[in-house]
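Heads up, the sequence shown is in this note's numbering, so the first residue is 556 and it goes up one at a time.
C-beta: ideal position from N, C-alpha, C; glycine also.
All values reported here derive from a predicted model rather than from experimental measurement.
Report on one structure; see the data block that follows.
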Amino acid sequence: MVYLIGAGPGDVGLLTIKAAEILSQAEVLIYDKLADKKILNFAPKGCEKIYVGKSAGHHTLRQEEINKLLVEKSFGKKIVVRLKGGDPFVFGRGGEEGIFLRENKIDFEIIPGVTSAISVPAYAGIPVTHRGVATSFAVITGHEDPTKPESTIRWEKISTAADTLIFLMGVENLPKITAKLIEHGRDAKTPAAVIQNGAKPSQKVLVTTLENAAVDVEENKIKPPAIFVIGEVVNLREQLKWFDNKILFGKTILVTRTRQQASKLTKQLESLGAEVLEFPTIKISLPSDNFVSLDAAIKNLKTFDRIIFTSANGVEKFFERLKFFKLDARIFFNAKVAAIGSATAEKLSDFGIIADLVPAEFRAEGLLAELKDKVAGEKILLARAEVARDILPSELENFGASVTIAKVYKTEPTSENFSKFADKKIDLVTFTSSSTVENFVAAVGKDFLRQVKTAAIGPITAETLKKFGATADIVAEKFTISGLVDAIKNYRW
């Protein structure tokens, strides 16, 4: 089976549920130049991914070659996905591919996508229809087959037939398009808009008129991909614009968390309109002692009076190891449990453990303040990263406790290449731990920190920034991802 799937216009959230389900089962993924490459992450590990995208003047494969590739890859495979931007049947050549598959006796299914013809104007606050303003709209290609001897667009009909005209892929042909429309009766003063990178945080909207559109696009350096909308509905933008009213719209923010953990921060920042770049500076790995200290602790877990978890990563890795030994939360019956931070406590609750203590201040100092007179004579297990500050075990022992450290994971630098962001103007870099700061500096250099605003999840991370000559512009008051997002949201840019 070959699935011809529409990926939508740009916002990964506009991918349909059915499209996501099929993508998650794909064995071969043949895809175009997508507005958001994060859509590729829906494909499972091991899926063969083949890029066949096209751009002006450059085709990775000709359409005939793509058709043959679909047939070739379908042999011996259960699920082959052909992924296209927008909708496969709206100037997506999905019909040609479907016919070729049918001629070769290969089953296919069409999964429509949200077409950019309607969704991109919507993200710009422009409805393609509106009571009393527009009762019809037409979608027209702005880039006809260059091999055709002449245009097959019936300009004399289409120019005045619909209240709203939407041209896709038409920016480079704008002088011809506007001239033809005016020549065939469309009022030169008709409101118009050109929307670049629609439904993405980098969206740019130029409001103009039909007669001025070509010149204004040139002056404002509007480039493909862009959509051209003509009609009185453009005047509704000032009342209906919403996407570019978001508090972080137009800001580009770099996230340095691990790839697995970046999504929570990314989603919250994107929901506020930011363009988010992910540059993982750390990855979570096995501790150097290969769980020797953790395994010994698990073996003797019933002898501890209190167990302290310092991070959600520590909780997750601890329970993974419990599962390895075919154990579960019941082994905690004898111990009190403390968690530094709400995220750590929340992760514990996922495994059936409600933390007895979560300090009001989400760092070691906050926990120590609440345990000062409570732990004398206790045997405490501290489940933490391999490399961490010594303040917690040291002070607990000063309070009269006996502390055992179990190394549950270690953080290591990643080998990401920062040069892929060379063309991006980054407004803010976020740091969620000291290790993200240290590894960022190792990868990029400390000079970069002086050229950009920085946000730290708490004072310890801010202190690490200071060590490299940078002062955190934003420091979260609540040391959580949500607290960091709130601090960014409330910052006066």
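- In the structure shown, V1040 falls within a helical segment according to DSSP collapsed to helix, strand and coil.
- Nearest to I863 by C-alpha distance, out of L912, E871, S897, is L912.
- Between the beta-carbon of L595 and that of V607 there is about 13 Å, and that puts the pair past the 8 Å contact cut.
- Look at I777 here: in three-state DSSP terms it is coil, with no helix or strand label.
- If you draw a 10 Å sphere on the C-beta of E705, you find fewer than 16 other C-beta atoms in it, and that means exposed.
- DSSP lists G641 as the beta-bridge partner residues of G563.
- By a beta-carbon distance limit of 8 Å, F1034 contacts R918. Their separation comes to about 6 Å.
- Listed in chain order, the non-local C-beta contacts of E766 below 6 Å within the same chain comprise A743, local neighbours out to five positions each way being set aside.
- Within the segment 680–720, the complete beta strand (DSSP E) runs of at least 3 residues fall at 692–696.
- Of T865, K891, I661, D799, the smallest CA-CA separation from G631 is found for I661.
- With a cutoff of 8 Å on beta-carbon distance, I577 and I634 are scored as near each other.
- Listed as beta-bridge partners of P746 by DSSP are T764.
- With a 10 Å radius around the Cβ and a threshold of 16 neighbouring Cβ atoms, D700 comes out exposed.
- With 16 or more other Cβ atoms from the protein chains shown falling within 10 Å of its own Cβ, V772 counts as buried.
- In this structure the segment 719–735 lies against the segment 666–682, because at least three pairs of beta carbons, one per stretch, are closer than 8 Å.
- Spanning the alpha carbons of V1007 and A997 requires a straight line of approximately 16 Å.
- Setting aside the 5 residues that flank it on each side, K778 is surrounded in the same chain by V726, Q751, each with a C-beta closer than 8 Å to its C-beta; the list follows chain order.
- Contact fails between the segment 975–986 and the segment 951–960, because fewer than three Cβ pairs, one in each stretch, are under 8 Å apart.
- For the pair of segments examined, the segment 802–809 was found to touch the segment 828–846: the number of CB pairs separated by less than 8 Å reaches three.
- Only residues of its own chain outside the window of five on either side were considered, and among them I1029, A1031 have a CB closer than 6 Å to the CB of A1042, listed in chain order.
- In the displayed model, P842 falls within coil according to three-state DSSP, outside both helix and strand.
- In the DSSP assignment, E830 falls within the beta strand (DSSP E) that extends over 830–833.
- Relative to K838, the option among K806, A1025, T813, Q823 whose CA is nearest is T813.
- Pairing I585 with K628 gives a Cβ-Cβ distance under 8 Å.
- Cβ atoms of E933 and K965 stay farther apart than 8 Å, at about 27 Å.
- With respect to the C-alpha of L729, the residue from G955, V770, V963 having the closest C-alpha is V770.
- Judged by beta-carbon spacing, I681 lies within the 8 Å limit of V788, meaning their Cβ atoms are closer than that value.
- In the DSSP assignment, V847 falls outside any beta strand (DSSP E) and lies within the alpha helix (DSSP H) extending over 847–854.
- For E967, the secondary structure class from DSSP, reduced to helix, strand or coil, is strand.
- Taking 8 Å as the upper bound for CB-CB distance, G640 and L559 are not in contact here, some 12 Å apart.
- In this structure, DSSP gives T985 an extended state, which the three-state scheme calls strand.
- R861 sits in a strand when the DSSP states are folded into three classes.
- Residue L569 holds the alpha-carbon nearest to the alpha-carbon of A754 among L569, S970, R944.
- The C-beta of A717 has 16 or more other C-beta atoms within 10 Å across all chains shown, which makes the residue buried.
- Residue pairing by DSSP places A1010 opposite T985, I1029 in a beta bridge.
- Annotated three-state conformation of R939 is strand, per DSSP.
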